[in-house]
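Residue numbers (the numbering used here), protein chains in the order written: chain R, -14 to 841; chain U, 161 to 352.
As structure tokens, the structure follows; a few thoughts come after it.
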């Protein structure tokens, strides 16, 4: 604005008033006369006069009423600090569809709540208020982890408000803006929205206002949908509403702020059904993927027409890396006609979960690829992934890795405590039905290394890691734990526990509880189970049990007897200690095979194992370890496949995260000829315990039994790369070569194994020599094996059968197989499916043998 | 809430030229206006044209001890109300504009009803800016318009507050309106 001299300003005013007081036709002459030398001044006066004439009403109507309307809706300053009933209002949280939302302290119940005030524009409307109350009551019935709980509705001092759960976190629109989401994360969030909708729809409640700003995401990526059913009140006033003619009082002529998440039928003011939420969900999901709303335009009319007629731009054009299935799913959500969309949100959920499985499958494959990338790291840490269940819907949630607690006491003999605590805490977490826990495979030599939580987060795809370290001396130990958000490296929680002497006894439970509460795993039934989970009745027994498990993990002939000693000691100290019995059973079962030396005969070991397993089960019928042990015994000792299957299934039912149950169940499935299921089950075991060579081998071997040689070969190639020293892996890889007719490769592997240890691979090496015409070499191996057998007698009869098979001596082969069957040699059970035995399969004696295995 | 006595004192002090009294007074008045507006909206069917002058008057009566107040104080009080309204509207209009253009911290939920049409809001902002320009040349004239337009003060009340004659107010208002309209470049009457 041009600054005028005061004199000029006064002059301008007087000219204006003078001219205005004249007749219109005289003004020009007057001004021409007054402004001879100042054309600009004259023009200015003329412009002012023109403006004055044309704008007679301009600024006549005070803006006070506008201001009052604004003030009435913006009650910020009025409410903060006030006390309404038992609520002290702390601060404004945001503006919602119905009005403002405040954070408040409930003095009565001592908790923070969110109060949502019915907008001033609606409070006076009796119909709206009745509706509001009715809806609040309906929503209060909903109980779902993904729905913000409504506690109640209150009217105090002329204010009407809903009392809601206070959800700390970010709105979904903020989450979307902040960073691009991974497809798995999009799915994880989408499934939670759909789950919430499913619950609401089951109660006849339509949300009507699904949009990112109505969705909160907590730090743990738990999602909460807000404003359930409330949106009904803020129906589109500008459009006639067919189903609620009485709502005209709401049609105040104000225009909804944004309509870009509304369904076509909603825009048309038609009667709404569940399909409207499915459409809105589609818009939100689209935005999660692409970062943009597919229909939004600057201009409202264009937005409306876009929703009513336009096809959204293909989402892959802005997010080329998303799975193709997303596009199809979106399309089906965003159909203009509700009848063309998913017919229920459950149908949508099923689809989402199917896609998730697909992504998981792609992601699980990485153990070969990404384990390599993460190899250095994986060797250093033990990984457990806890995932949360959203009700029965398995989702891909936050994963948490609990790294093995470091033993910083300087006393290696306390390793059993740091390892044991880690394992037990994981065990407890995995017992929660709403949690998904990956099992743990201990790799020695990982401890005491500096680990970067953000790198772990990336490498293992986990959101949270828990570190722990044990320090002090045996009598005054302390365990420090830190929970870190891998996204930004921020510390979520840290704590220190006394773990010396008797205190140790409680540490496990205390830490577990803390982790669970920090993860916001919904308490309730699960928590009860956590506390009743069987455990030792005295600290000494607990200590002995931990020692037992520590030695058991070595799984070799020196340590298994030590494990047995400690488990027995634990039982002596606490004769009702179910877990110690289960540990004992697991130890005896391992003594069954020759690999562990001939400490006991097979029969003796199995008898003891069975006794221990049954005792464990009697003491605690809900111990998955005990069921698994019983299953293993039914498998190995009795070849009772239905009973074994029942036991494994029961263990899985109790704890679906218990990897050993899946592992063993896959064996039974393979033996009984259900290869596809066996692959699935071994894959599950493998994903739960991804870094254990044992589960990796089992997974690869499932392809071998299924005669999918290509996948088997690829799988083993990666396996031996990841675990170069794992002899069993090489052994089965050799079998795959045999099965593919790649005799040279098989020979190379078996020769190497045999050279390293005469008690292994002799049979298959002799077999390979036999079938490739190297009869002399085969006989030489046979002679060496026989010498070894008379020496130590720890070569199973089946081995001789294999070498005779290679030599074409079926009679001897069957004789040895018969012997193996009589001795109940467990691995014999696989002959029905093992390609190695194909050459004798057509023989009548094979059928007899098969029957003796009680196989179908 | 502050006592009527305290508010009355602040108001008289301000009328006597104490500027810090005004600073303390504004939030108190604003709070009362909030409350009144809120309860008014609750009482009445929304959409009504508010008898806003009556409302501000109600605020004045509630807030100020009537026994101790001078006749000028009421007009001054209305002047404050006008100032507050101007700021409230400006902030609201700016927020709404930000929201319409997408992005912006204050995200009023999408279904939140826009109470004032965007056209009207743009006008509010334009007037506000033009008033700024006017204040740069003639502050008293700008304040006068603020009282009239935002505070809803009558010509007489305005004259009281500014301690000038009513004819001067009439005259200046006429000029100011023309000047503002010209500054805003309004050609056609499109005021709703």
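We treat Cβ as the ideally placed atom computed from N, Cα and C, and that holds for glycine.
In DSSP terms, what residue i is bridged to
| i | result |
| --- | --- |
| residue 201/R | 156/R and 209/R |
| residue 87/R | 77/R and 100/R |
| residue 391/R | 454/R |
| residue 132/R | 210/R |
Proximal residues of chain U, C-beta to C-beta of residue i below 9 Å
| i | result |
| --- | --- |
| residue 626/R | Under the 9 Å cutoff, chain U gives no residues; its nearest Cβ is about 59 Å from residue 626/R. |
Separation of residue j from residue i, as counted between CA atoms
| i | j | result |
| --- | --- | --- |
| residue 449/R | residue 477/R | 9 Å |
| residue 497/R | residue 411/R | 8 Å |
| residue 720/R | residue 689/R | 9 Å |
| residue 553/R | residue 540/R | 17 Å |
| residue 279/U | residue 304/U | 25 Å |
| residue 743/R | residue 754/R | 16 Å |
| residue 203/R | residue 262/R | 22 Å |
| residue 769/R | residue 739/R | 11 Å |
| residue 904/R | residue 485/R | Outside the shown range of chain R (-14 to 841) lies residue 904/R, about which nothing can therefore be said. |
| residue 317/R | residue 272/R | 15 Å |
| residue 144/R | residue 138/R | 11 Å |
| residue 219/R | residue 265/R | Caution applies to residue 219/R, whose pLDDT of 41 falls short of 50 and renders its modelled position unreliable; the value that the coordinates give is listed next. Each residue's Cα considered, the two are about 16 Å apart. |
| residue 69/R | residue 341/R | 46 Å |
| residue 292/R | residue 327/R | 18 Å |
| residue 471/R | residue 677/R | 24 Å |
| residue 242/U | residue 309/U | 8 Å |
Collapsed DSSP secondary structure at residue i in the structure displayed
| i | result |
| --- | --- |
| residue 190/R | coil |
| residue 526/R | helix |
| residue 224/U | coil |
| residue 851/R | Limits of chain R in this structure are -14 at one end and 841 at the other, which puts residue 851/R out of reach. |
| residue 471/R | coil |
| residue 480/R | strand |
| residue 296/R | coil |
| residue 147/R | strand |
| residue 137/R | strand |
| residue 121/R | helix |
| residue 314/U | coil |
| residue 466/R | strand |
| residue 780/R | coil |
| residue 265/U | Low local confidence applies: a pLDDT of 35 at residue 265/U is under 50, so the model's placement there is unreliable, with the coordinate-based value given in what follows. Correct three-state label for residue 265/U: coil. |
| residue 21/R | coil |
Contact set between residue i and chain U, taken where Cβ atoms lie within less than 8 Å
| i | result |
| --- | --- |
| residue 691/R | Going along chain U, no residue has its Cβ under 8 Å from residue 691/R, so there is no contact; the nearest lies around 53 Å. |
| residue 478/R | Under the 8 Å cutoff, chain U gives no residues; its nearest Cβ is about 29 Å from residue 478/R. |
| residue -6/R | 297 and 298 |
Classification of residue i by the beta-carbon crowding that lies within 10 angstroms, buried from 16 upward
| i | result |
| --- | --- |
| residue 715/R | buried |
| residue 324/R | exposed |
| residue 405/R | buried |
| residue 337/U | buried |
| residue 284/U | buried |
| residue 841/R | exposed |
| residue 587/R | buried |
| residue 141/R | exposed |
| residue -2/R | buried |
| residue 180/U | exposed |
| residue 313/R | exposed |
| residue 196/R | buried |
| residue -13/R | Its pLDDT being 46, under 50, residue -13/R is placed unreliably in this model, and the coordinates cannot settle the point. |
Contact set between residue i and chain R, taken where Cβ atoms lie within less than 9 Å
| i | result |
| --- | --- |
| residue 334/U | 1, 2, 5 and 37 |
| residue 331/U | -2 and 2 |
Residue i: contacting residues in chain R (beta-carbon distance under 8 Å)
| i | result |
| --- | --- |
| residue 305/U | 44 |
Within chain U, the residues that residue i reaches when beta carbons sit closer than 7 Å
| i | result |
| --- | --- |
| residue 399/R | Under the 7 Å cutoff, chain U gives no residues; its nearest Cβ is about 53 Å from residue 399/R. |
| residue 32/R | 342 |
| residue 255/R | Per Cβ cutoff of 7 Å: no residues; residue 255/R is ~17 Å from chain U at best. |
| residue -2/R | 335 |
Partner residues on chain A for residue i, Cβ-Cβ distance less than 7 Å
| i | result |
| --- | --- |
| residue 48/R | Checking the listed chains, one finds no chain A in this structure; the protein chains it contains are R and U. |
Per-residue contacts from residue i into chain R (C-beta, under 7 Å)
| i | result |
| --- | --- |
| residue 176/U | The premise fails here: residue 176/U is roughly 26 Å from chain R at the closest Cβ pair, so nothing lies under 7 Å. |
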